[in-house]
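Take a look at the structure below.
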Amino acid sequence: MSETVYGPVTDWATDFDHGSPAYAADMHKIWDDLKNSGCPIAHTERYGGAWLPLTHEMVHSIAYDTDHFTSEAPVVGQLKPSQIPDRIGAPIGPVPPISSDPPFHAEARRLLLPAFAPKMIDPWRDEVVEICNQLIDDMGDADHIDAAVQYSQHIPVMVIARMLGLPVEDGDKFRGWVNLVLSGIGEERTEARMQQFMEFSDYLAYHVNDHKENPREDLISFLLNAEIFGEKLSLEHAVGTVILLLIAGIDTTWSGIGSSLWHLATNSVDRRRLVENPDMIPAAVEEFLRAYAPVTMARLVKEDMEFHGVQMKKEDWVLLPFPAANRDDKQFANAHEVVIDREENRHAAFGLGIHRCLGSNLARLEMNVAVEVFLQRFPDFSVDANEIVTWSTGQVRGPRTLPFVVNARA
Amino acid sequence: MRVHVDPSKCQGHNRCYALAPELFDVDDYGNAFELNDGVVPAGLEDKARLALANCPEFAISIEE
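Residue numbers (our numbering), protein chains in the order written: chain S, 4 to 413; chain Y, 3 to 66.
What follows is the structure, given as structure tokens:
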């Protein structure tokens with residue numbers, strides 16, 4: 004095993020670190036500089052070896068190529084799956100179906116698709132509207148608010164907790180675990196981190212047992228009774244899927260809502276257009292998804308292979324930066340401009356191919372309602388010039404603080 | 003004009019159904035299919051083109 008590399012990046016083409024604050028702060032420029040210098044796919048020895056392809060074409064082809072790339076570990080860590088004892092490997096992986104490969108993947112996904120299909124998600128609209136209005140009511144008449152801490156971060160947590168059947172008031176705990184799994188990727192495995200993982204697993208064990216003893220109409224009870232290939236799901240599979248639904252639905256959507264509001268706080272022309280024409284919000288949300296796509300996924304190389312002139316080794320990480328694909332000017336006209344009424348928009352914010360985000364209909368509903376209600380209640384707002392907007396690090400990107408001044412309320 | 007969703011390409015992004023519900027529907031799994039054998043009623047041609055231009059999987063085709 005090669006030595007673990009930490010510390011500042013020396014060269015983005017040969018030593019990139021997608022988990023560093025420098026990347027989070029400047030990724031658009033980093034991608035452009037790499038592509039302009041003739042490097043459409045960067046490499047690093049960090050994380051035991053990883054690749055960062057930057058064009059839509061490359062990201063698309065890797066997402067479709069389940070023969071050469073496995074989804075077994077969709078989040079890059081310091082350890083490769085083969086270095087983690089007792090880990091559930093391909094084709095199932097620890098958090099099915101996002102960690103699963105064909106043919107198992109299709110069956111594990113098919114189980115979940117109906118619960119997240121448009122006709123099951125649309126009826127949640129009124130509840131999301133109520134949640135968003137309540138969060139704004141809770142801000143009182145303050146002129147200085149934090150739209151990430153007081154608004155964006157709560158919306159997806161409250162919805163997914165209700166869908167799963169977990170206590171809505173445990174939102175802080177869920178966000179702590181999301182942060183643990185997704186933001187701390189470059190960190191060493193400290194005692195404190197291991198302790199947090201234990202608490203997460205104990206919490207889930209408690210609630211899964213409670214659902215076994217007291218079944219109800221929610222996704223946890225559904226998973227405990229669901230069958231695959233004629234047999235009940237293994238407990239590992241059911242719990243893995245609960246972890247996935249909890250983790251994947253929270254900071255991704257919170258990031259999408261936060262980036263949308265940040266754009267509107269910093270672009271008053273776009274904000275005014277949406278206040279005056281709320282029917283433009285759905286198209287604008289698609290453009291925010293394109294321009295500020297929160298999620299980068301990862302694959303692992305199955306066997307040594309050549310890809311676009313580079314030699315990939317077995318078990319190298321390969322990142323799928325959907326945000327970079329969405330800013331590829333070969334695929335999108337004026338890719339670097341945010342055009343809120345863009346007509347042609349085949350963005351890849353929810354991924355491409357068989358792993359298309361299962362919760363995309365829910366995420367879109369939450370983003371649309373969150374923007375709509377925020378603009379209704381605060382038709383004029385801006386970033387507080389005395390405070391700092393902070394962004395997450397890791398494979399999910401979005402603002403974690405959004406200090407705003409409310410200039411008008413309705 | 004006729005539209006068609008290739009079921010082997012559709013991954014359920016739901017863009018066509020959201021943009022042109024007169025022309026597309028989705029099944030219980032969220033996968034899309036064309037309504038009315040894909041025949042596009044007069045006046046809805048732009049909606050058909052919009053659906054095509056927003057499918058991330060390039061699953062929609064149009065026959066003029």
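Glycine is no exception: its CB is placed at the ideal position from the N, C-alpha and C atoms.
Note down, in chain order, all residues in the stretch 46 to 61 of chain Y with a beta-carbon under 8 Å from any beta-carbon belonging to chain S. Hits within the stretch, in order: Leu52, Ala55, Asn56, Cys57, Pro58, Glu59 and Phe60.
Residues that Arg219(S) bridges to, as DSSP identifies them: By 1-based counting over the first sequence, the position of residue 219(S) is 216. Paired residues: none, contrary to the question.
Nearest-angstrom Cα separation, counted from Val8(S) out to Ser63(Y): Numbered from its first residue, the second sequence carries residue 63(Y) at position 61. Numbered from its first residue, the first sequence carries residue 8(S) at position 5. Straight-line Cα distance between these residues: approximately 48 Å.
Suppose you measure from the CA of Met308(S) to the CA of Asp70(S); what does that come to, to the nearest Å? In the first sequence, residue 308(S) corresponds to position 305, counting from 1. In the first sequence, residue 70(S) corresponds to position 67, counting from 1. The alpha-carbon separation between Met308(S) and Asp70(S) amounts to approximately 12 Å.
Among residues of its own chain, excluding the 5 on either side of Ala413(S), which ones have a beta-carbon nearer than 8 Å to its beta-carbon? Taking the first residue of the first sequence as position 1, residue 413(S) is located at position 410. Closer than 8 Å at the Cβ level, and outside the excluded window around Ala413(S), lie Gln379, Arg380, Phe381 and Pro382.
Mind checking which residues open and close the beta strand (DSSP E) that includes Gln314(S)? Residue numbering aside, residue 314(S) sits at position 311 when the first sequence is read from its first letter. Here the beta strand (DSSP E) through Gln314(S) covers Val313 to Met315.
Shortest alpha-carbon distance to Arg396(S) belongs to which of Ala28(S), Val409(S) and Asp14(S)? As a working note, residue 396(S) is residue 393 in the first sequence. Rather than Arg, the amino acid found at residue 396(S) in this sequence is Thr. Residue Ala28(S) holds the alpha-carbon nearest to the alpha-carbon of Thr396(S) among Ala28(S), Val409(S) and Asp14(S).
Nearest-angstrom Cα distance between Val162(S) and Leu46(Y)? Here residue 162(S) is taken as the residue at index 159 of the first sequence, counted from 1. Here residue 46(Y) is taken as the residue at index 44 of the second sequence, counted from 1. The alpha-carbon atoms of Val162(S) and Leu46(Y) are separated by roughly 35 Å.
Return the residues of the stretch 4 to 15 of chain Y that lie within a Cβ-Cβ distance of less than 8 Å from chain S, sorted by chain order. Gln13, Gly14 and His15
For His339(S), count neighbouring Cβ atoms within 10 angstroms of its own Cβ and tell me buried if that reaches 16, exposed if not. Within the first sequence, numbered from 1, the residue matching residue 339(S) stands at position 336. His339(S) should be labelled exposed.
Measuring CB atoms only, is the stretch 48 to 58 of chain S touching the stretch 316 to 336 of chain S, in the sense that at least three cross pairs come out at less than 8 Å? yes
Tell me whether the stretch 393 to 411 of chain S and the stretch 15 to 25 of chain Y touch, counting them as touching only if at least three CB pairs, one residue from each stretch, are closer than 8 Å. no
Just by C-beta distance, which residues in the stretch 16 to 30 of chain Y are closer than 9 Å to chain S? Asn16, Arg17, Tyr19, Ala20, Leu21, Val28, Asp29 and Asp30
Which chain Y residues are close to Glu346(S), counting only those with a beta carbon under 7 Å from its beta carbon? Stepping through the first sequence from its first residue, residue 346(S) is reached at position 343. Within chain Y, the residues near Glu346(S) are Leu52 and Ala55.
When the distance is taken between beta carbons, is Cys360(S) closer than 9 Å to Thr255(S)? The sequence position of residue 255(S) within the first sequence is 252, counting from 1. The sequence position of residue 360(S) within the first sequence is 357, counting from 1. Contact: yes.
So does Gln153(S) have its beta carbon nearer than 8 Å to some heavy atom of the ligand SAM? Summarising the ligand content, the structure contains no ligands, and the ligand SAM is consequently not present.
Answer yes or no: does any C-beta atom of chain Y fall closer than 9 Å to that of Ser103(S)? The residue you call residue 103(S) lines up with position 100 of the first sequence. For Ser103(S), the answer is no, since every Cβ of chain Y falls outside 9 Å of its Cβ.
Assuming Ser74(S) and Arg302(S) are in contact, meaning their beta carbons sit under 8 Å apart, how far apart are those beta carbons, in whole angstroms? To locate residue 74(S), count along the first sequence from 1; it is residue 71. To locate residue 302(S), count along the first sequence from 1; it is residue 299. Contact check for Ser74(S) and Arg302(S): beta-carbon distance about 6 Å, within the 8 Å limit, so the pair qualifies.
Quick one: is Glu289(S) near chain Y, going by C-beta distance under 9 Å? For the purposes of this step, residue 289(S) is taken as the residue at position 286 of the first sequence. Yes, its Cβ sits closer than 9 Å to a Cβ of chain Y.
By how many angstroms is the C-alpha of Cys12(Y) removed from the C-alpha of Asn217(S)? Start at 1 with the first residue of the first sequence, and residue 217(S) comes out as number 214. Start at 1 with the first residue of the second sequence, and residue 12(Y) comes out as number 10. Rounded to the nearest angstrom, the two C-alpha atoms are 38 Å apart.
For a test of the three-state rule: what should DSSP assign to Phe35(Y), helix, strand or coil? The sequence position of residue 35(Y) within the second sequence is 33, counting from 1. In the structure shown, Phe35(Y) sits in a strand (DSSP, three-state: E or B).
CB contact below 9 Å: Asn280(S) versus chain Y: By one-based count along the first sequence, residue 280(S) stands at place 277. Closer than 9 Å: no.
7 Å Cβ shell around His31(S) - same chain, five flanking residues per side excluded: For the purposes of this step, residue 31(S) is identified with residue 28 of the first sequence, where counting begins at 1. Within the same chain, His31(S) has close Cβ partners Arg330.
Taking Arg400(S) as the reference, which of Ala111(S), Ala145(S), Pro297(S) and Ala352(S) has the closest Cα? Residue mapping note: residue 400(S) aligns to position 397 of the first sequence, counting from 1. Nearest C-alpha to Arg400(S): Pro297(S).
Is it true that the stretch 41 to 50 of chain S meets the stretch 338 to 353 of chain S, where meeting means three or more beta-carbon pairs spaced less than 8 Å apart? no
Cross-chain neighbours of Gly362(S) in chain Y, by beta carbon under 8 Å: Here the question's residue 362(S) lines up with position 359 in the first sequence. Annotation: Gly362(S) has no Cβ neighbours in chain Y at a cutoff of 8 Å; minimum Cβ distance is about 11 Å.
If I'm right that Pro326(S) touches Ala151(S) with Cβ under 8 Å, what's the distance once you round it to whole angstroms? Counting from one through the first sequence, the residue named residue 326(S) turns up at place 323. Counting from one through the first sequence, the residue named residue 151(S) turns up at place 148. Pro326(S) to Ala151(S), Cβ: 18 Å. No contact.
Using only the alpha-carbon positions, how far apart do Gln314(S) and Leu368(S) sit? Along the first sequence, read from residue 1 onward, the residue named residue 314(S) stands at position 311. Along the first sequence, read from residue 1 onward, the residue named residue 368(S) stands at position 365. Their backbone Cα atoms lie some 42 Å apart in a straight line.
Check the DSSP bridge columns for Pro56(S) and list the partner residues they point to. On the first sequence, residue 56(S) is found 53 positions in, with the first residue counted as 1. BP columns for Pro56(S) point to Ile44(S).
Contact criterion: CB-CB distance below 9 Å. Does Arg330(S) meet it with respect to chain Y? Taking the first sequence and counting its residues from 1, one reaches residue 330(S) at position 327. No - not a single Cβ of chain Y is within 9 Å of the one on Arg330(S).
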